[in-house]
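Heads up, the sequence shown is in my numbering, so the first residue is 0 and it goes up one at a time.
Structure first, then comments.
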Amino acid sequence: MKKLKGMFAVAGTTALALSLLAGCGASNSVSSTSKQGASKDHKIVIGFSQVGAESGWRTANTESIKSAAAADSNIELKFSDAQQKQENQIKAIRSFIAQKVDVIAFSPVVQTGFEPVLKEAKAAGIPVILTDRSVEADPSLYVTMIGSDFTQEGKKAADWMLNNIKSDGTVNIAELEGTVGSAPAVDRKKGFDEEIKDHQNYKIIKSQSGDFTRSKGKEVMEAFLKSDGKKINVVFAHNDDMALGAIQAIEEYGLNPGKDIKVISMDGIKDAFQAMVDGKLNASIECNPLLGPALMETAEGVLAGKKYPKWIKSEEGVFDQTNAAKELPNRKY
Ligand code: AHR
Numbered sequence: 000m001k002k003l004k005g006m007f008a009v010a011g012t013t014a015l016a017l018s019l020l021a022g023c024g025a026s027n028s029v030s031s032t033s034k035q036g037a038s039k040d041h042k043i044v045i046g047f048s049q050v051g052a053e054s055g056w057r058t059a060n061t062e063s064i065k066s067a068a069a070a071d072s073n074i075e076l077k078f079s080d081a082q083q084k085q086e087n088q089i090k091a092i093r094s095f096i097a098q099k100v101d102v103i104a105f106s107p108v109v110q111t112g113f114e115p116v117l118k119e120a121k122a123a124g125i126p127v128i129l130t131d132r133s134v135e136a137d138p139s140l141y142v143t144m145i146g147s148d149f150t151q152e153g154k155k156a157a158d159w160m161l162n163n164i165k166s167d168g169t170v171n172i173a174e175l176e177g178t179v180g181s182a183p184a185v186d187r188k189k190g191f192d193e194e195i196k197d198h199q200n201y202k203i204i205k206s207q208s209g210d211f212t213r214s215k216g217k218e219v220m221e222a223f224l225k226s227d228g229k230k231i232n233v234v235f236a237h238n239d240d241m242a243l244g245a246i247q248a249i250e251e252y253g254l255n256p257g258k259d260i261k262v263i264s265m266d267g268i269k270d271a272f273q274a275m276v277d278g279k280l281n282a283s284i285e286c287n288p289l290l291g292p293a294l295m296e297t298a299e300g301v302l303a304g305k306k307y308p309k310w311i312k313s314e315e316g317v318f319d320q321t322n323a324a325k326e327l328p329n330r331k332y
């Protein structure tokens with residue numbers, strides 16, 4: 000496994016070679032001015048469209064992108080918040096194209112529907128870098144995707160459950176899904192489902208979106224508890240914020256989260272570590288939001304003519320109540 004800077008890796012040589020070839024296409028072509036990258040009188044202008052501010056993970060991701068840009072004197076960042084709405088994101092990307100930025104980067108709210116605007120960016124000769132989430136579109140329309148393997152994260156959550164919550168009887172699972180149609184919601188569900196399919200006694204009895212927010216996670220969990228409170232053994236939440244909302248709902252319902260109902264989530268934010276230390280959250284599968292430095296490095300590299308694989312993957316761990324206290328002081332987000 001070849002390592003990029005920090006917690007990133009590119010997949011094996013074949014994938015790398017394929018993506019390098021793909022990277023030679025027109026999608027990476029940039030105007031002659033921007034090809035030179037930053038010069039004394041021209042900083043590299045990056046237009047970045049963020050999903051929103053729905054979670055602790057997202058706050059850390061925004062902070063990482065803004066601070067990495069601020070630390071690089073060659074870069075000027077134009078930042079736009081889509082407030083979880085794809086239409087806002089498409090508007091922002093069109094505005095970046097009109098402003099003739101050097102690089103467009105965005106974390107797509109949902110997976111589909113971006114192809115037309117990606118084609119517009121390509122026609123304008125502006126390279127596009129995806130961060131955090133992937134899109135369903137012709138891969139030649141973007142340079143690379145910097146982020147996590149969400150399917151793998153879903154599998155890790157299921158593996159943790161199968162190894163730590165063993166039972167010969169039925170284990171009823173309530174699932175709090177992320178934003179409908181988003182890559183992390185689709186892929187985390189897929190990975191989890193794939194892993195439990197051969198274990199017939201583990202059953203998802205409830206599944207609904209909590210839109211990755213703490214308030215929605217609580218609201219959905221309250222409804223789950225109202226209808227099936229006595230039956231639920233495990234909550235599988237697609238992020239920590241929804242899990243933390245669910246924990247509150249479980250406590251208000253009069254049960255002990257982490258004991259009466261086990262709770263497993265994703266991200267590894269500090270609040271989740273505290274909840275594990277407090278015995279209320281059982282496990283959190285790490286998802287790295289600190290993508291800012293890799294984005295700046297890649298944007299500069301692309302403009303300097305470097306080629307990249309189609310996916311620059313984050314490397315991540317699994318945390319639970321056995322290692323949370325030791326790790327908590329080291330958490331950066
Ligand atoms: O795309 C990453 C996901 O989006 C994180 O798990 C979640 O917290 C965020 O809102």
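Where is the CB? At the ideal position from N, CA and C, for every residue including glycine.
Collapsing the DSSP output to three states places V301 in a helix.
The segment 162–214 is shown to contain whole beta strand (DSSP E) runs of 3 or more residues at 170–176 and 201–208, in chain order.
Straight through space, the alpha carbons of I45 and V100 are spaced by roughly 6 Å. Comparing alpha-carbon positions, the option among Q247, V102, I195 and V134 lying closest to D158 turns out to be I195.
According to DSSP, M275 shares a beta bridge with no other residue. In this model, I260 and Q320 are separated by some 15 Å (Cα to Cα). In the three-state DSSP reduction, F235 falls in the strand class (E or B). Restricting attention to N255, K229, E251 and T212, the CA atom closest to the CA of H237 is found in T212. It is roughly 44 Å from the alpha-carbon of K215 to the alpha-carbon of G304. In the DSSP assignment, A122 falls within the alpha helix (DSSP H) that extends over E114 to A122. Pairing M220 with A245 gives a Cβ-Cβ distance under 8 Å.
Taking the Cβ of D266 as the reference point, at least one heavy atom of the ligand AHR falls within a distance shorter than 7 Å. Q49 is bridged by DSSP to D80. Burial of P256 is indicated by the presence of at least 16 other C-beta atoms within 10 angstroms of its C-beta. Around T150, the same chain offers D186, K189 and G190 as residues with beta carbons nearer than 7 Å, after the five sequence neighbours per side are excluded. Each of K217, D270 and E314 was checked against the Cα of A282, and the nearest Cα belongs to D270.
By the C-beta density criterion, N329 is exposed, having fewer than 16 other C-beta atoms within 10 angstroms. Cβ contact annotation for Y201 (same chain, cutoff 6 Å, sequence separation greater than five): V170 and I195, in chain order. Set against 7 Å, the gap from the CB of P292 to the closest heavy atom of the ligand AHR is not smaller. T130 carries a strand assignment under DSSP once its states are collapsed to helix, strand and coil.
In this structure, K217 lies near A248, with their beta-carbon atoms less than 8 Å apart. Where S94 is concerned, the enclosing alpha helix (DSSP H) starts and stops at Q85 to A97. Taking a 10 Å sphere around the C-beta of D227, we find fewer than 16 other C-beta atoms and assign the residue as exposed. Residue burial annotation: Q82 is exposed, with fewer than 16 other C-beta atoms found within 10 angstroms of its C-beta. Residue range A282 to E285 is occupied by the beta strand (DSSP E) that includes S283.
Relative to the non-hydrogen atoms of the ligand AHR, the Cβ of W56 comes within a distance shorter than 7 Å of at least one. Rounded to whole angstroms, S206 and L294 show a C-alpha spacing of 34 Å.
Each of E296, V301, L302 and I284 was checked against the Cα of D148, and the nearest Cα belongs to I284. Counting C-beta atoms within 10 angstroms of its own C-beta, T111 has fewer than 16 neighbours from the protein chains shown and is therefore classed as exposed. When distances are taken from the beta-carbon of D131 to the heavy atoms of the ligand AHR, the shortest one is below 7 Å. Relative to the ligand AHR, N238 has its C-beta within less than 7 Å of a heavy atom. D137 counts as exposed, since fewer than 16 other C-beta atoms from the protein chains shown sit within 10 angstroms of its C-beta.
Under the criterion of beta carbons closer than 8 Å, I268 and I145 do not qualify as touching, at roughly 19 Å. When the alpha-carbon of I74 is set against those of P292, K165 and V317, the nearest one is in P292.
When distances are taken from the beta-carbon of P183 to the heavy atoms of the ligand AHR, the shortest one is below 7 Å. Secondary structure at E135: coil, using DSSP grouped into helix, strand and coil.
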